[in-house]
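Here is the structure we will look at, set down as structure tokens.
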Amino acid sequence: MAPKTNGVGIRPEETRICVVMVGLPARGKSYIAQKAQRYLKWLSIPAATFNVGNYRRNDAPHPSADFFDTNNAEGERKRRAAAEAAVADMMKWFKSGGVVGILDATNSTKERRKWVLDRINQEGVDVIFVESKCDEEELIMANIRDVKTTSPDYQGQDPEQAALDFRNRIRNYEKVYKTINADGDEDHLTYLKIMNVGRQVIINRIQDYLQSRIVYYLMNLHIRPRSVWLSRHGESMLNLEGRIGGDADLSHRGEEYALKLPELVLESVGSDRPLTVWTSTLKRTIATARHLPKHYNQLQWKALDELDAGVCDGMTYQEIADMYPEDFQARDEDKYNYRYRGGESYRDVVIRLEPIIMELERSEDILIISHQAVIRCIYAYFMQKTQEESPWVPVPLHTLMKLTTRAYGTEVQIYKAEVKAVSTWRGKGSTAKHEDPTPEGGV
Amino acid sequence: MDTLLTAEIAANAPRYRRKSSTFIDGIHDVPSEVGNLAPAQLYSTMSGRLFHSGRIAIVMVGLPARGKTHICVSMARYLSWLGVKTRIFHLGDYRRATVGQGGHVPQDYFYPNASPASVMLRQKILKKCREDIYGWLNHENGQVAIYDAVNPTASGRRALAKEFAKHDVQTLFIESFVDDQEILKENARNVKISSPDFHGMDPDEAAKRYLKRIETKIPVFETMAEEELNYVKMINAGQAFFYNNVSFNYLSHRIVFYLTNLHIKHRTTFFVRAGTATEEDSYKADAPLSAEGEAYAQVMAETLMRHREQERQAIIDQGGPDVPLRPLTIWTSTRLRTIQTAEPLRELGYKVRHRSQMSQINPGVCEKLSERAIRNLYPEEVEKHELDPYHHRYPRAESYHDLAVRLEPIILELEREQNDLLIIAHESVLRVLYSYLMHCSTRDIPKLKFPRDEIIEIIPAAYQNEAKRIHIPGLDPRMIPGSPEDIRIPVPPGLEDFAGGGRQLSPISIPAMMMGSPPSATEVTIGFATGDRKGSVSFGGDRKGSISMSNTGGLRSVSGSFSGGERPVTEKIVNNTAKEMVEDKVGDED
């Protein structure tokens, strides 16, 4: 397909992409779909996953392996109906402004892929197929045990039985499964094929930057277990005064937190294996990290600096409300998109954090010491917080957070330092210097 | 001669390496300073090696006319930008150096059953090239050596990987595989038709003959299928990739990501400053354009449109095809003045995209401070700044390095873009983007100047990019120079390697012969670079200057005489190397 152009060279940016997953059950399709969706949404690219299994369950909640036999006409009909319903919903979603839709299903035959492609192209949406192909028995079995025995399909059943039935279900799929372009007649498709967890990769006919970005992101995913630790800097002198931004030193209590941090980290890590520490370039995060063990490698990133409040830097919320009442109100109305005069918005921060996220995905254990807005943005990535929620998330001072990604979501553990600090959280409309977070505040 | 000296290689192969000015693409330069971090380098390590990767040899695989040079050069550009110490080793340079000027390799040089003499010659050339690679990786802290050669057989590649492994170097093969006849013909046409062998021949016919010649010369070529090797196969200039990953990680993913965005279509990039803003000209205020700024936007747009039309006409006049102009896309930052500068073009129907990453460098505490005030308030910072203007960051400010890291996603989109591209941004952003395309050293980047009365055009070519400047006429001289919202510490005198520093108005380093000569009358001889755009020079010389152009065979010369000009009008300084390189490449088998 040629890039879309018209007479004066307008190339519409409004590309819409449908990521169509391909592969046998238990090949990590849902994991890939879930990660891709999280990443895109975080980048403000409207993304949603449509899991055909969920649609099918409406009709057939607990099917046995026979249901997936291609000779079972009834099963076949229901599965086709579920796929149609999922695609129809996705199309509706595209019309309401969706950009990247992910169709999570096996799509394991050429006929099915052709149907999906035609059906989706017809609506002016580009298709990229993402196949996960894996022949390593051990990996497949691990996947079956971990994920599928907790699947709603097998709720309340004996796990051994469930695993056996699931194995048979896969056999039924294997009978008809064709990997993409196996016969050489699917070369016109845009696709990414990941074989044996990245041992081989085929990339075919990438159409635009967004697609290349998705492909790159998926190639960087790894499945080694690891965690990310997040902490704000210790309480600063400006925090005490309720002033935002600045480049102040730590308060006494902030210093106390810095001293306590190594102990807190050790408790959370559980061993003396070293973490890599990333701080911002501002004094308060560097000071907070300075007592950590010498064998921890430390790096400073400008990209981890606090959201730049522009002309409002160093002011209290009251001062901002007095001096720039319209701005103050505009910010509360759409905190994610509001850009301080001469400064940044949350959206700007997310964009500058993008290389950090890519580095995070490819790295192992990292401890990030940064600032309220930045931690909120990173937290939003891992926890899939919406743009409405993320700028209001309470991130208290003197608290260490451990995030561990699992197949279907992220696990959070909180470690409190028990060193007193002011609260810097602010509810919508408030100009208080310090107030305690409320569950409904802001959101 | 058993041992070839590197110096001999350099002497015999004109495209080996050279020193260059910031106006010449520096991708083939030997970096002179030690400890000079790359523009977007995130961190440094004791060993100098990044991304938890050791020493790597990227070995190119592919027949001639498969775009290997373009891939090598682009990859080196990107990796160096990320801070990975990268150098390209063209085997062809070593072969040419060995056989000497005008010499030829024996007819059976590439045959599998070559005569013992040819085999020995081949071995000698290979040995010397590899010794240089090891020398660079082991003793000069290099991280990635790109080895540009045909490497046609599986057995040869296996042996190579084994040999590199013995030297503790990991090998990643990158094959450019092309079976699309259109791409082949296009590649052959672009590089090879200037050969005397094909003089006066129909380009299609010449391309066909050239491809035929490759086949006879290199009769055996096996595409990669070695399961035990790490390789990326790029098929038909990026239409598909096959990636066999045995032991590689991030760096190779990054390379693949970069390659998926690379294309071989010809397109140019224009850089231009934003117009002047109203008197509240500061970083934080984000003021709109002043009346002069709006007038500037109008004139700039007209100049650009006229220039593009003239270029097109010039191609037709030279007998080129009458093709419509490539579409033009405009990128601005999210700052008001850049958005408003694009307004006249947007009204003409061009697509304008706003990119928040392209906001100007943040001056931090230096905002609105005069140089004297900064020196008084932050004497220690000034001292640090003067030592390393690229990496130093004033309190709350961004360094150029921070800016480069922030611009990295833009770089990839820049590579992906197939339309002509106009970038309207603050001078600091232009400096960094320009430095990517022209491979400037971090010492030079903070000094690059983009006067408002010029549009900079970057024209890509396989071996190196070219920069050209288009004059915007009739501007008030007061609006031309630097940005008032910049940090007002001039480039420290110690680092000034430019004659007549006080009136440094353009990013070009003037060739030695021009230095010290009075601005009243200057003779410049300029050699021309590669490609099909030879005649397309534009001149900014309407300020009391006159320029004449003559065509003396292969080498054209431009001479200009200026009276009372503020600066020498050197429109396009392209070294001869590029030209020689193209001729040199004809009949090339590497």
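Chains A and B supply the protein sequences, listed in that same order. With my numbering applied, the first sequence corresponds to residues 1 to 443, in that order. With my numbering applied, the second sequence corresponds to residues 1 to 590, in that order. The C-beta atom is built at its ideal place from N, Cα and C for all residues, glycine as well.
query	result
Inter-residue spacing [alpha-carbon to alpha-carbon] between B:G516 and B:I472	Reliability of the predicted coordinates at B:G516 is poor, the pLDDT of 32 falling under 50, and the value obtained from them is presented with this limitation in mind. For B:G516 and B:I472, the distance between alpha carbons rounds to 27 Å.
CA nearest to the CA of B:E457, picked from B:E311, B:K217, B:K368, B:I410	B:E311
Environment of B:L348 [buried if 16+ CB atoms lie within 10 Å]	exposed
Per DSSP, cross-strand counterpart(s) of A:L221	DSSP lists no partner for A:L221.
Whole beta strand (DSSP E) elements within the region 375–417 of chain A, 3-residue minimum	399–406, 409–416
Cβ-Cβ separation, A:T399 to A:Y415 (assumed contact under 8 Å), whole Å	7 Å
Listed by chain order, chain A residues near B:P395 by CB distance under 9 Å	D247
Beta-carbon contacts of A:Y173 that lie in its chain and below 7 Å, excluding the five residues immediately before and after	L24, P25, F68, T106, S108
Distance cut-off 7 Å: A:A26 Cβ against heavy atoms of the ligand MG	With respect to small molecules bound, the structure shown includes none, and the ligand MG cannot be examined in it.
Status (buried if at least 16 other CB within 10 Å, exposed otherwise) for A:E136	exposed
Positions along the region 384–404 of chain A whose CB lies within less than 9 Å of some CB in chain B	none
From A:Q155, A:R199, A:Y209, residue whose alpha carbon lies closest to that of A:I128	A:Y209
N-terminal and C-terminal residue of the beta strand (DSSP E) that B:M201 is part of	Run containing B:M201: none; DSSP gives neither H nor E here.
Closer than 7 Å at the beta carbon, the chain A residues around B:P363	Within chain A, no residue comes near B:P363; the closest Cβ sits about 10 Å away, beyond 7 Å.
Status (buried if at least 16 other CB within 10 Å, exposed otherwise) for A:Q413	exposed
Classification of B:H392 by the beta-carbon crowding that lies within 10 angstroms, buried from 16 upward	buried
Residues that B:P409 contacts on chain A, provided the C-beta gap is smaller than 7 Å	E354
Contact set between the region 195–207 of chain A and chain B, restricted to residues whose Cβ is under 7 Å from the partner	G198, R199, Q200, V201, I202, I203, N204, R205, I206
Test: B:K284 CB closer than 8 Å to a CB of chain A	yes
Simplified DSSP assignment, three categories, for A:S30	helix
Every unbroken beta strand (DSSP E) within the region 234–302 of chain B, with a cutoff of 3 residues, ordered by chain	240–244, 269–273
Contact with chain B by A:A380, beta-carbon distance below 8 Å	no
Cβ of A:R454 within 8 Å of any chain B Cβ	This structure cannot settle anything about residue 454 of chain A, because the visible part of chain A is limited to 1 through 443.
Any beta strand (DSSP E) of 3 or more consecutive residues that is wholly inside the region 351–425 of chain B	351–354, 420–425
Range of the contiguous alpha helix (DSSP H) that encloses B:Y94	91–99
Partner residues on chain A for B:R157, Cβ-Cβ distance less than 9 Å	In chain order: nothing, as chain A lies at least about 17 Å away.
Validate contact between the region 300–314 of chain B and the region 332–349 of chain A using beta carbons, cut 8 Å, 3 pairs	no
Whole-angstrom distance between B:P327 and B:S351, CA atom to CA atom	Residue identity check: residue 351 of chain B is Lys in the sequence provided, not Ser. Straight-line Cα distance between these residues: approximately 10 Å.
Per-residue contacts from B:S356 into chain A (C-beta, under 7 Å)	D348, I351
Separation of A:V100 from A:K35, as counted between CA atoms	13 Å
Closest residue to A:A309 among A:G342, A:N297, A:W229, A:E435 (Cα-Cα distance)	A:G342
Contact set between A:R341 and chain B, taken where Cβ atoms lie within less than 9 Å	K284, A285, D286
Assigned secondary structure, A:G427 (DSSP; H/G/I helix, E/B strand, else coil)	coil
Chain B residues whose Cβ lies nearer than 9 Å to that of A:M91	Correct list: empty, because the minimum Cβ distance to chain B is about 26 Å.
Proximal residues to A:T15 (C-beta, below 7 Å), its chain only, five neighbours per side dropped	D126, D208, L210
Partners in chain C for A:V265, counting only beta-carbon separations shorter than 9 Å	As a matter of chain content, chain C is missing from the structure shown, whose protein chains are A and B.
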